[in-house]
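Numbering (this note's numbering), first residue to last: 15 to 335. Note that beta-carbon positions come from the ideal geometry of N, C-alpha and C, so glycine has one too. What follows is a set of notes on a single structure, which appears directly below.
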Amino acid sequence: MKNPIIYGISLCLLVMSLAIPSYAIDFGGFITSGVESVENDDESSMALNNYLNLNVNQIGVPDLSFYGYGRYNVNLKDDQSFGDLYLGYLEYRTFQGATDIMLGRFDLVTNRFMTLDGISATQVLPFHVGLSAFVGVPRYKDAEELDDEFRMTGALAYGGKIFLSGVNALQLNVNFYNEEGDNGTEDETIVYKRTVGAGGAYFKNFGTTVDPVALTVEALADQDIENDVLARMSARIAFQYHRFQVAISGDSFDVEDQYPMDRELIIRMISSGEETRYGATANIDLFRWLNLYAGYTMTSVEMRSGYDSDGSIIRAGADLM
15 MKNPIIYGIS
25 LCLLVMSLAI
35 PSYAIDFGGF
45 ITSGVESVEN
55 DDESSMALNN
65 YLNLNVNQIG
75 VPDLSFYGYG
85 RYNVNLKDDQ
95 SFGDLYLGYL
105 EYRTFQGATD
115 IMLGRFDLVT
125 NRFMTLDGIS
135 ATQVLPFHVG
145 LSAFVGVPRY
155 KDAEELDDEF
165 RMTGALAYGG
175 KIFLSGVNAL
185 QLNVNFYNEE
195 GDNGTEDETI
205 VYKRTVGAGG
215 AYFKNFGTTV
225 DPVALTVEAL
235 ADQDIENDVL
245 ARMSARIAFQ
255 YHRFQVAISG
265 DSFDVEDQYP
275 MDRELIIRMI
285 SSGEETRYGA
295 TANIDLFRWL
305 NLYAGYTMTS
315 VEMRSGYDSD
325 GSIIRAGADL
335 M
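Have a look at this one:
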């Protein structure tokens, strides 16, 4: 997208035009502004950073809404400006998401770093079955900053899943993802990523909401059917007994392609992208105002040289609440 700010403004104007006949429009959001000064040797820069978060609900009909999030930065020394529209989409969502349709730029759920310019639709069907599908153009959220650090993206991505819906304590799904484009010429289409996978989760509380005794089991795996290798896997077992919780987990991810939201990034430029971790964590709510935690994780990172770099992470501490 050559000028995301212009496209973002156009999308906002479209939303406002749709909102004119609405009988009860609900606006929300916030604007954040700040000045950032950077000095490096003999060079320095100062920029005014602006971030806009906008929610518009009940656009014409109660189930139609708009969400937008973007930035507009100005270099105070040379007056150059730049920006990016991170998210900007219309969404039609019925009660409890039985029908959910998004049109615009939204998060690509298979990758924490990417968005999709397109359309996504989810429909819950009878007999506890649901269908979800999407198609569009993939892109990184900070294209200028991330294009050189992650894999190249294709010109078209599409996929979907079949999932279990409305079954107490149990989640299951099978999914498919395909991303393709050209290799610099219009004569040949190449596959950037093509996977099939499955995932599931089970949760059971044997105690009460106030005093829980609970078990959680989660697992997922995606197979790269283009290269016949495992694209990612993850498994976790957690048990809670009143105030005490313990969890055992293991996973393997390609850092250049996708990465879990709940852990730190490794240094990608010295890694081929493959990282495997497994370990255990425990914590106890000793008092209402004091939580003690500890964890041990073993990690293996495949370096660009071809060798594996092994290490461990030890955590221990306390949270005061």
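Where residue i sits in the DSSP three-state scheme
{"i": "F141", "result": "coil"}
{"i": "D322", "result": "strand"}
{"i": "S36", "result": "At S36, the pLDDT of 45 sits below 50, so the modelled position is not reliable and the matter cannot be decided from this model."}
{"i": "G180", "result": "coil"}
{"i": "F220", "result": "coil"}
{"i": "F164", "result": "coil"}
{"i": "G173", "result": "strand"}
{"i": "G74", "result": "coil"}
{"i": "D242", "result": "coil"}
{"i": "I328", "result": "strand"}
{"i": "N17", "result": "Residue placement at N17 is flagged as unreliable, the pLDDT there being 47, under the threshold of 50; the coordinate-derived value follows with that caveat. Note: N17 maps to coil in three-state DSSP."}
For residue i, the first and last residue of its enclosing beta strand (DSSP E)
{"i": "N67", "result": "57–71"}
{"i": "V315", "result": "304–317"}
Identified DSSP bridge partners for residue i
{"i": "M247", "result": "A235, S266"}
{"i": "L117", "result": "L104, I133"}
{"i": "F96", "result": "N87"}
{"i": "M128", "result": "Y154"}
{"i": "Q259", "result": "Q254, N297"}
{"i": "N189", "result": "K175, G211"}
{"i": "D333", "result": "N305"}
{"i": "V52", "result": "S59"}
{"i": "E202", "result": "Answer is none; E202 lacks a bridge partner."}
{"i": "V227", "result": "Y255"}
{"i": "G82", "result": "L68, G102"}
{"i": "D196", "result": "T203"}
{"i": "F44", "result": "N67"}
{"i": "F148", "result": "S134, G173"}
Which listed residue (the options) has its alpha carbon closest to that of residue i
{"i": "G132", "options": "T46, G118, A61", "result": "G118"}
{"i": "T290", "options": "R85, E316, L66", "result": "E316"}
{"i": "V151", "options": "Y172, A135, L62", "result": "Y172"}
{"i": "E202", "options": "I262, G168, Q185", "result": "G168"}
{"i": "L66", "options": "N182, E50, M60, Y100", "result": "Y100"}
{"i": "L304", "options": "E105, E240, L334", "result": "L334"}
{"i": "N125", "options": "V269, M312, A332, D299", "result": "V269"}
{"i": "A332", "options": "A308, G320, Q259", "result": "A308"}
{"i": "K218", "options": "G211, D324, P226", "result": "P226"}
{"i": "A212", "options": "L122, M166, Q237", "result": "Q237"}
{"i": "R153", "options": "Y255, V123, E240", "result": "V123"}
{"i": "Y255", "options": "I298, V243, L186", "result": "I298"}
{"i": "L306", "options": "N241, F44, F258", "result": "F258"}
{"i": "G214", "options": "N189, F220, A228, G195", "result": "N189"}
{"i": "S248", "options": "E240, I239, G264, N241", "result": "G264"}
{"i": "S59", "options": "Y216, S95, H142, N182", "result": "S95"}
{"i": "P140", "options": "V181, R85, E240", "result": "V181"}
{"i": "A252", "options": "Y310, D322, Y216", "result": "Y216"}
{"i": "G174", "options": "E193, R107, A183", "result": "E193"}
{"i": "I327", "options": "L104, F220, A294", "result": "A294"}
{"i": "E50", "options": "G42, V243, V143, K91", "result": "K91"}
{"i": "R318", "options": "G221, L170, A135, G287", "result": "G287"}
{"i": "L104", "options": "I45, L68, M312", "result": "L68"}
{"i": "R107", "options": "F127, N197, Y81, V210", "result": "Y81"}
{"i": "A296", "options": "F267, N187, A330", "result": "A330"}
{"i": "F220", "options": "P76, F148, A183", "result": "A183"}
{"i": "D98", "options": "A135, D77, N63, V75", "result": "N63"}
Rounded distance between the beta-carbons of residue j and residue i, thought under 8 Å
{"i": "L176", "j": "L145", "result": "What sits at residue 176 in the sequence shown is Ile, not Leu. 6 Å between Cβ atoms; contact."}
{"i": "V231", "j": "S179", "result": "Going by Cβ atoms, the distance from V231 to S179 rounds to 19 Å, so no, they are not a contact pair."}
{"i": "N87", "j": "A112", "result": "Not really, about 40 Å apart at Cβ, beyond 8 Å."}
{"i": "S79", "j": "N71", "result": "5 Å"}
{"i": "A235", "j": "L244", "result": "7 Å"}
{"i": "Y206", "j": "M166", "result": "7 Å"}
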